[in-house]
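Below: one structure, written as structure tokens.
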Amino acid sequence: RCLAIQLLCSPTMRRSLLCSQCARRGSVAPRHRLLSSLPAGVSPSRGASPLSVVQDAIAAGILNEDPKQMAALLKLDALASRLKDWEPPAIGPAASESGTSGGGLWGSISSVFGGGGGGGDSGGGGTATAQSLDDVAAPLGLYMYGGVGCGKSLIMDTFFDCVDLPSEKKRRVHFHEFMLEIHKRLHEHRQANPGAGDPVPALAHDIAQSAALLCFDEFQVTDVADALVIRRLFHQLFSHGIVMVATSNRPPDDLYKNGLQRPLFVP
1 RCLAIQLLCS PTMRRSLLCS QCARRGSVAP RHRLLSSLPA GVSPSRGASP
51 LSVVQDAIAA GILNEDPKQM AALLKLDALA SRLKDWEPPA IGPAASESGT
101 SGGGLWGSIS SVFGGGGGGG DSGGGGTATA QSLDDVAAPL GLYMYGGVGC
151 GKSLIMDTFF DCVDLPSEKK RRVHFHEFML EIHKRLHEHR QANPGAGDPV
201 PALAHDIAQS AALLCFDEFQ VTDVADALVI RRLFHQLFSH GIVMVATSNR
251 PPDDLYKNGL QRPLFVP
């Protein structure tokens, strides 16, 4: 149940991502926050519509309007509205799990952005106790993909700034940084708890307790070690009702393309 949106990268779209000052310098402003760059009296507070913020930026001459970005913003706007009235589920005590959840790599990743589908065991090799994600009542996330410079990070950052969640309940992070952190924490857990079994459920529990929304920039899966962890970690995160939004240069079906033993991780 991954809701994927492609943002095409055309010369016109590249120009639309230049703020007025950066356009004169001929460079794109990384991590450009629209909320802080709108003129005085226009900049809204947390809880504003991401779409209206971009429309204000267009009216102020900061951005040029682009139909692909506006289409993605409509989806982000709907998600922000759902999150405004959404009560994240209470996170119970951490559970241990000695097996791995079924569904394959893409089964798990598609569930990452929808909270359902692909989470159950599809055959031999999965644990019989793996929790299905079909009944997780979390809002549908969004996976935005396209080439460099097509506006993915800018509109995700605008959504992140606007979404009406306490700052401590939402997190925006580059996916590579996130995975480095995950591997470090898994290593520390194993060192501190030798023989305790799979540390992924406990780690997912800790992450879910600290954030209800995760926004990943440059989501990609190129490493077999990451793929092995992601399959289990994301299943656990979504069983806790985590909502995710991500940007990527790759279409969903190209994640971990040509990776080592990839048939083991796709449905």
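Using the numbering used here, you'd call the opening residue of the sequence shown number 1 and step up by one each time.
A virtual CB, placed ideally from N, CA and C, is assigned to each residue, including glycine.
Whether or not the stretch 54-65 and the stretch 80-88 are in contact is what I'm after, with contact meaning three or more pairs of Cβ atoms, one per stretch, closer than 8 Å; do they touch? no
Out of curiosity, what's the CA-to-CA distance linking W106 and R250? Caution is warranted here: a pLDDT of 48 is assigned to W106, below 50, making its placement in the model unreliable, and no coordinate value can be reported.
Determine, using beta carbons only, whether R33 and D157 come nearer to each other than 8 Å. yes
Given 8 Å as the limit, is there contact between the stretch 134-145 and the stretch 173-187, that is, 3 or more CB pairs closer than that? no
Between the alpha carbons of S27 and L154, how many angstroms are there, rounded? Unreliable placement is indicated for S27, whose pLDDT of 36 sits below 50; no coordinate value is reported for it.
Pop quiz: T247 and D223 are said to be a contact at Cβ under 8 Å. What is the actual Cβ separation, rounded to whole angstroms? Incorrect: roughly 19 Å between the Cβ atoms, too far for contact.
With respect to 7 Å, is the separation between the Cβ of I58 and the closest non-hydrogen atom of the ligand ZN below this value? The ligand content of the structure shown is nil, which means the ligand ZN is not present either.
Please classify Y256: does DSSP put it in a helix, a strand, or coil? coil
R171: first and last residue of the uninterrupted beta strand (DSSP E) it sits in: K170 to H174
Determine the extent of the alpha helix (DSSP H) in which T158 is found, giving its start and end residues. K152 to C162
What are the boundary residues of the beta strand (DSSP E) that includes D217? L213 to D217
Nearest-angstrom Cα separation, counted from V53 out to F160: 12 Å
How big is the Cα-Cα spacing for G126 and K152? Residue confidence for G126 is low, a pLDDT of 38 falling below 50, so the modelled location carries little weight and cannot support an answer.
Tell me the start and end of each unbroken beta strand (DSSP E) in the stretch 220-254 that is at least 3 residues and wholly inside, in chain order. 243-248
In or out: H187 buried (at least 16 other Cβ within 10 Å) or exposed? exposed
Please say whether P50 and C215 have beta carbons closer to each other than 8 Å? no
Could you spell out where the alpha helix (DSSP H) holding L79 opens and where it closes? P67 to K84
With a CB to CB cut of under 6 Å and the five nearest residues on each side skipped, what residues in its chain are close to Q21? At Q21 the pLDDT is 38, less than 50, meaning the model places this residue with poor confidence; the figure from the coordinates comes in the next sentence. None.
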